[in-house]
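*Asks:* Here it is, the structure, as structure tokens.
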Amino acid sequence: MDLSAFRTLEPLCWRAPSAHNTQPWRLRYEPDAIRVGWDPDQALKAADPTGRDLRLSLGAFVETCLIVAADAGLRLEYVADHDDRNRRVGWLRPARYRYRTSFRATDVWERRTDRGRFAGAPGGDALAVVDLVARQAGGGVRAVPRAGRLGGLLRVADRRLYADPAVVAELRHWLRLDPAHPDYHADGLSDRCLDLSRPAAAGLRAALGAYPVLRPLGLPRLLAAAGGDPLARGGAVLALIAPDGLDEAGEVEFGRVLLRVWLTLHAAGLAAHPLSQLIDVAATRTALGALLGVAPERLLHVARVGRPIRAAPRSARRVGGGGRDLGPVRTGGSARTTR
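Structure, rendered in structure tokens:
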């Protein structure tokens with residue numbers, strides 16, 4: 114197989130999901146393999162200090178690459194080779210056979226994160242199917258009980274994160290609340306994808322701009338309340354649970370599992386809205402683990418899942434035209450050091 118044939122598929126592979134839509138993955142073409150690594154400037158050092166979301170994103174990207182290549186008739190396999198020091202997770206190599214998957218490139222293209230309203234929650238059959246996907250890798254998918262403390266845990270998590278200046282600065286760096294933003298069509302979290310009206314987006318932009326002054330006056334609590342209650346928008350909350358003792362390389366592998374879970378939900382007419390704040394804050398992660406009866410460290414991902422009432426906007430991607438080897442190059446204007 115000529116590895117250069119994969120280059121034209123890169124723009125579709127970049128439809129993989131990532132926290133804050135930072136698109137941290139990088140490909141480098143070697144004579145006999147494609148190196149899969151990441152750009153540290155696209156890692157969320159404040160919001161994701163352990164690198165969990167980074168590794169999940171990289172795994173989701175690997176799975177996306179394999180699906181897209183298989184659908185194009187290319188024989189490609191992934192060889193894990195996690196090296197944190199050299200910012201590498203593994204290699205895409207020529208294989209004897211195409212990657213076996215039930216998904217197609219159209220599934221990758223059509224899947225979207227949806228923060229809007231859901232008309233219904235996943236039924237027992239859908240939950241059983243995604244749980245099977247995770248159990249085949251040693252994990253599981255569990256529905257979080259809606260009664261009791263879940264809404265309160267969300268409010269606590271939001272307030273804790275908004276109270277952290279470093280997290281807020283990083284969020285401001287990746288927000289695209291005005292179409293005039295130079296990176297609006299490249300990366301980050303746009304007003305449309307956040308399901309914000311123009312007045313709401315303007316208000317959030319103003320509040321975050323005044324954050325240093327207003328933080329001591331209770332702004333974190335106001336920002337947490339301004340986002341509303343996502344649970345009121347319908348759906349069920351599902352948690353992806355990892356096997357015991359999962360290491361960093363294992364988290365990359367479960368990023369592949371997460372992508373398969375999301376594509377399985379998409380195939381059933383369902384969409385997902387990540388609620389990662391629940392496991393980003395230690396106190397709420399512990400409480401959520403108690404609700405589910407699992408060790409908190411086994412919680413890898415949490416999302417609100419349901420049947421969307423309308424198609425969500427498609428999030429921006431930095432690669433739009435023909436594929437190219439990005440290597441270590443920082444593209445667009447998103448490689449700024451300020452967060």
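FYI, the working numbering numbers position 248 of the sequence shown as 361, with every residue one higher than the one before it. Virtual Cβ for every residue (Gly too), placed ideally from N, Cα, C. Every value quoted in this text rests on a predicted model; they were computed, and no experiment measured them.
#1: Would you call residue 215 buried or exposed, if buried means 16 or more other Cβ atoms sit within 10 Å of its Cβ?
#2: Could you round the C-beta distance between residue 159 and residue 277 to whole angstroms and report it? I think they count as a contact, below 8 angstroms.
#3: Whose C-alpha, out of 251, 212, 419, is nearest the C-alpha of residue 192?
#4: Alpha carbon to alpha carbon, how far is residue 194 from residue 357? Give it in angstroms, no decimals.
#5: Helix, strand or coil: how does DSSP classify residue 311 here?
#6: Would DSSP call residue 392 helix, strand or coil?
#7: Leaving aside the five residues before and after residue 426 along the sequence, list all residues of the same chain whose C-beta is less than 8 angstroms from its C-beta, in chain order.
#8: Could you give the DSSP three-state label for residue 445: helix, strand or coil?
#9: Buried or exposed for residue 326, going by 16 or more other Cβ atoms inside 10 Å?
#10: Just confirm the distance between the C-beta atoms of residue 161 and residue 182, as a whole number of angstroms; I'd bet it's less than 8 angstroms.
#11: Use the C-beta contact count for residue 389: other C-beta atoms within 10 angstroms, 16 or more gives buried, fewer gives exposed.
#12: What is the rounded straight-line gap between the Cα of residue 151 and the Cα of residue 247?
#13: Since residue 274 is in the alpha helix (DSSP H), which residue starts that stretch and which ends it?
#14: Please go through the same chain and pick out, in chain order, the residues whose beta-carbon is closer than 7 angstroms to the beta-carbon of residue 402, but skip the five residues on each side of it.
#15: Below 7 angstroms CB to CB, which residues in the same chain sit around residue 258 once its five sequence neighbours on both sides are set aside?
#16: Quick one: is residue 283 buried, meaning 16 or more other Cβ sit within 10 Å of its Cβ, or exposed?
#17: Beta carbon of residue 255, beta carbon of residue 355: below 7 angstroms?
#18: In or out: residue 252 buried (at least 16 other Cβ within 10 Å) or exposed?
#19: Can you tell me whether residue 176 is buried or exposed? The criterion is at least 16 other CB atoms within 10 Å of its CB, across all chains shown.
#20: Helix, strand or coil for residue 190 per DSSP?
#21: How many angstroms separate the CA atom of residue 229 from the CA atom of residue 421?
#22: Taking the alpha carbon of residue 189 as the reference point, which residue from 206, 174, 290, 296 has its own alpha carbon closest?
#23: Using a 10 Å radius around the Cβ and a threshold of 16 neighbouring Cβ atoms, would you call residue 323 buried or exposed?
#24: Reducing DSSP to helix, strand and coil, say where residue 326 ends up.
#25: For residue 301, does the three-state DSSP call read helix, strand or coil?
#26: Who are the near neighbours of residue 208 in its chain, counting only those whose CB is closer than 7 angstroms to its CB and skipping five residues on each side?
#27: Going by the CB atoms, is the gap between residue 418 and residue 345 shorter than 7 angstroms?
#28: My guess is that residue 135 and residue 287 are in contact by the Cβ rule of under 8 angstroms, so how many angstroms apart are they, rounded?
#29: What would DSSP say about residue 221, mapped onto helix, strand or coil?
#30: If you draw a straight line from the alpha carbon of residue 455 to that of residue 125, how long is it in whole angstroms?
#31: Where does the unbroken alpha helix (DSSP H) through residue 286 begin, and where does it stop?
#32: To the nearest angstrom, how far is it from the Cα of residue 121 to the Cα of residue 178?
*Replies:* In short, the structure shows the following:
#1: exposed
#2: 7 angstroms
#3: 212
#4: 21 angstroms
#5: helix
#6: helix
#7: 225, 303, 305, 306
#8: Confidence at residue 445 is low in this model, with a pLDDT of 32, below 50, so its placement is unreliable and the value that follows should be read with caution. Residue 445 falls in the coil class under three-state DSSP.
#9: exposed
#10: Rounded, the Cβ-Cβ distance is 28 angstroms, inconsistent with contact.
#11: buried
#12: 25 angstroms
#13: 263-275
#14: 408, 409, 412
#15: 404
#16: buried
#17: no
#18: buried
#19: buried
#20: strand
#21: 7 angstroms
#22: 206
#23: exposed
#24: helix
#25: coil
#26: 188, 189, 190
#27: no
#28: 6 angstroms
#29: helix
#30: The displayed coordinates of the chain run from 114 to 452. Any statement about residue 455 would go beyond what the structure contains.
#31: 278-287
#32: 12 angstroms
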